[in-house]
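Protein chains in written order, with UniProt numbering: chain C, 1 to 391; chain R, 1 to 213. Backbone N, C-alpha and C fix where the C-beta goes; we use that ideal spot for every residue, glycine too. The structure displayed is predicted, hence computed values, not measured ones. Structure first, then comments.
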Amino acid sequence: MIKKILFSYQNKSQLIIAMIGSFLGFTFLVTSIHYLIRVNEFGEGEEILGNNTMIIQKQINNYSSLKLSKNDFSEREIESIRKEEFTEMLQPILSNNFDVSLQTDSELVPYLRTDVFVQSVDNEFTKIDTNKWKWAPGDEYIPIVLPREFLVMLNTFASAKGIPPISDDLAKSIGFKFTLSSPGKKEMEKVRIVGFTNEVSAILVPSSFMEYGNINFPKDEPAIITQLMLTVKEGRFGDFENYLEKRSLESKENSMIVGKLKSVAGTLFSILIGISVITVFLAGLVLVQYAQLLISRNEYEIRTLLRQGYSPKKIIKSILLYFIKVFAVISGASIIAFSVVKFFIDKLLDKGGIQIDAGFTFLSILAVIFAFGIYTIVNYFNAKRGVLKTL
Amino acid sequence: MDIHFNNVIPIPLSGIQHSDKSIWGSEFSLHKGEKVMLNASSGKGKTTFTHTLAGIRKDFNGSIRFDEREITSFSPEEWADLRKEQISFVFQDLQLFSKLTVEENLHLKNNLTDSFSSSELKQMLEELEIDDKWSVPCGILSMGQQQRVAIIRALCQPFDWLLMDEPFSNLDVENTQRALSLINNRVNDIKSGFILTTLGENHNFDFDRELNL
């Protein structure tokens with residue numbers, strides 16, 4: 001009955017406009033938060049290197065081929081890059097200064113032996129499990145991360161021999177061996193693949209193994225640093241790219257593109273979140289204003305109810321419940337609209353070759369619940385103030 | 001519940017010279033079960049008196065107590081309980097919901113305490129000869145009919161006191177007698193009292209007490 005008295009004879013056009021505004025704000029908010037999270041997640045788990053992390057090196061030109069220009073980094077150059085605004089972390093990649101070859105050590109795969117180039121990077125740049133990524137002399141095997149091109153090459157070799165190709169999982173279970181050598185000295189170590197990478201062209205090994213090889217099987221020439229591992233700050237890919245161009249440096253193109261795309265998309269979605277928050281705020285203000293208007297138009301009705309013995313709490317509760325239903329409709333409709341929009345966007349991305357997690361992100365739904373909570377709290381105090389004012 | 005007045009003068013009436021008979025500025029008590037007529041000419045504060053006891057107006061000097069409690073100390077929730085269980089009103093302006101039907105207006109009040117069934121409500125309407133208005137919005141009833149609805153609505157709750165501010169101003173003698181009889185029966189049933197403000201007319205009723213403003 002209270003509901004009929006307070007709400008049945010109201011002009012609802014202002015309410016409907018505010019509801020549409022809130023609905024659009026909520027939908028933009030949930031969509032932009034969802035895709036900001038998905039954009040940041042994109043590429044995670046597939047690669048060994050951490051987010052926004054890439055290897056840089058000097059561009060190879062004819063002069064470097066003729067040894068007229070250096071392609072290694074001096075300490076000063078490294079320090080200079082480290083001080084750049086876009087640099088979050090930077091470390092030289094250690095390369096082997098000893099002879100090492102890799103050979104297959106299983107009946108499941110054909111015998112193959114080749115000289116290899118190994119590198120090690122600090123574990124903070126990679127996503128490799130630290131428990132798996134350690135080695136000490138005497139350990140059963142050395143964990144390595146294999147460039148995916150190497151496995152492709154191995155499979156090409158296997159098919160030429162009429163042997164079925166090796167999957168990632170099988171490759172991880174079959175045996176390999178490293179042979180470390182220096183004049184008059186040779187040592188064999190068992191090797192186990194713990195992961196694959198598209199980002200690094202050399203075999204990655206733990207730094208303890210690199211130190212062991214460099215100390216025990218040293219070459220005459222001193223070790224030089226030709227590559228650096230660098231993590232770019234979020235959203236600074238533009239500066240980073242300009243720097244590379246200016247200093248004739250290069251990075252692997254694919255990780256650069258992904259980083260740039262993530263940077264651009266992240267900025268766009270952040271702007272969209274900002275616009276959504278403003279929309280939600282403005283629509284919220286209109287809803288609050290509507291509630292105030294409703295209370296002031298119903299001043300006689302509220303006062304009469306109070307004089308008839310209705311408690312202020314009961315009247316406040318009725319107003320609050322009415323608006324909770326309104327907010328629930330807005331929130332529900334925005335989540336449904338988001339699901340529909342998400343279905344089409346995901347389909348579009350999938351068609352474009354970008355596979356992202358199809359699930360809903362918890363934070364985006366939480367944002368709607370949070371906005372719903374804020375609306376409800378503001379409305380409660382608004383209703384309380386309005387009802388008690390009529391006493 | 002007894003009502004105690006101690007030198008009460010509404011602030012807007014404090015500049016006026018009141019007669020010796022006036023209750024304003026005097027000390028007296030009203031005891032539960034009394035049937036009181038409050039007699040005054042226009043502008044002497046009958047509505048102010050009703051509104052002050054209803055907790056609507058707080059602009060007075062002196063003190064009013066319900067039993068031992070100062071009425072200015074009641075919280076909004078406590079006033080709601082008082083208005084639901086202990087004091088009922090027939091306001092001069094009736095305060096009905098014009099868009100709601102007679103049935104809805106009565107149920108709105110009756111639902112708070114479930115004092116009567118629908119058939120009992122209809123019976124009361126019949127006694128006041130407006131039972132045919134059950135489904136009619138109050139806004140289209142005559143003032144006399146609305147007054148009778150407001151009287152019945154005021155009876156739809158338990159109370160210690162029924163405060164009526166010129167409740168028969170639009171009723172003829174016959175309807176006034178019927179309404180007064182209905183009120184008296186209800187008051188006797190629940191052993192409560194009432195205060196009826198008039199312009200001097202005692203409606204041929206034997207009041208326990210007469211007050212003047």
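(Q) Please give me, in chain order, every unbroken run of the beta strand (DSSP E) with length at least 3 that falls completely inside the region 149-178 of chain R. (A) 161-165
Q: Return the residues of the region 99-122 of chain R that lie within a Cβ-Cβ distance of less than 9 Å from chain C, sorted by chain order.
A: K99, L100, E104, H107, L108, K109, N111, L112 and T113
Q) Should K389/C be flagged as near chain R, meaning a C-beta pair shorter than 9 Å? A) no
Q | Three-state class that DSSP yields for V8/R in the structure shown | A | strand
Q) For the region 11-41 of chain C, which residues have a CB atom closer than 9 Å to at least one CB atom of chain R, in sequence order? A) none
**Q.** Distance CB(D99/C)-CB(K219/C) smaller than 9 Å
**A.** yes
**Q.** Contacting positions in the region 293-307 of chain C - beta carbon closer than 9 Å to chain R
**A.** Y300, E301, R303, T304, L305, L306 and R307
Q) What number of angstroms, rounded off, separates the C-alpha of G85/R from the C-alpha of P158/R? A) Checking the sequence shown, residue 85/R turns out to be Glu, not Gly. If you take the alpha carbons of E85/R and P158/R, they lie about 5 Å apart.
(Q) How far does the alpha helix (DSSP H) with K384/C in it extend, from its first residue to its last? (A) F362 to K389
Q.
Taking CB distances under 9 Å as the criterion, tell me whether S364/C reaches chain R.
A. no
(Q) On the CB-based measure, 16 or more other CB atoms within 10 Å of its CB, does N110/R come out buried or exposed? (A) buried
Q | Which of helix, strand or coil DSSP assigns to Q10/C | A | coil
Q. Mind pulling the chain R residues with CB within less than 9 Å of Y310/C?
A. A80, R83, K84, L108 and L112
Q | Proximity of G309/C and L112/R at Cβ, strictly below 9 Å | A | yes
Q.
Run through chain R and tell me which residues come within less than 7 Å of Y9/C, C-beta to C-beta.
A. K99
Q. Are the beta-carbon atoms belonging to Q10/C and R297/C less than 9 Å from one another?
A. yes
Q.
Is the beta carbon of L211/R closer than 9 Å to that of F97/R?
A. no
Q) To the nearest whole angstrom, what separates the beta carbons of V187/R and K35/R, a pair I think is in contact under 8 Å? A) 7 Å
Q: Could you name the residues of chain R that K313/C contacts, counting a contact when the two beta carbons are closer than 7 Å?
A: E77
Q: Taking only beta carbons into account, state which residues of the region 150-166 of chain R come closer than 9 Å to chain C, listed in chain order.
A: R153 and Q157
**Q.** Inter-residue Cα distance where the pair is A371/C and I5/C
**A.** 29 Å
Q) Which class does G62/R belong to by DSSP, given the choice of helix, strand or coil? A) strand
Q: Tell me where the alpha helix (DSSP H) around M210/C begins and ends.
A: S207 to N216
Q) Would a check of beta-carbon distances place Q145/R closer than 9 Å to chain C? A) no
**Q.** Residues near Q177/R in its chain [Cβ-Cβ closer than 8 Å; skip 5 each side]
**A.** H203 and N204
**Q.** Contact residues within the region 51-63 of chain R, judged by C-beta distance below 8 Å to chain C
**A.** A54 and I56
Q | Member of M37/R, Q92/R and I23/R whose CA lies at the smallest distance from the CA of G62/R | A | I23/R
**Q.** Span of the alpha helix (DSSP H) around I330/C
**A.** P312 to K351
Q) So, is the C-beta of Q95/R closer than 9 Å to a C-beta in chain C? A) yes
(Q) Quick check: is the beta carbon of F74/R nearer than 9 Å to any beta carbon in chain C? (A) no
(Q) With H, G and I counted as helix, E and B as strand and the rest as coil, what does DSSP make of Q119/C? (A) strand
Q. Would you say F89/R faces chain C, with C-beta separation under 9 Å as the test?
A. yes
Q: For L136/R, I'd like the list of residues in its chain whose CB is within less than 8 Å of its CB, leaving aside the five on either flank, ordered along the chain.
A: Checking the displayed sequence, the identity of residue 136/R turns out to be Val instead of Leu. Excluding positions up to five away in sequence, the list reads T101 and V102.
Q: Report yes if the C-beta distance between F323/C and Y375/C is below 9 Å; otherwise report no.
A: yes
Q) Since L348/C and I356/C are thought to touch, with beta carbons under 8 Å apart, how far apart are those beta carbons, to the nearest angstrom? A) Rounded, the Cβ-Cβ distance is 11 Å, inconsistent with contact.
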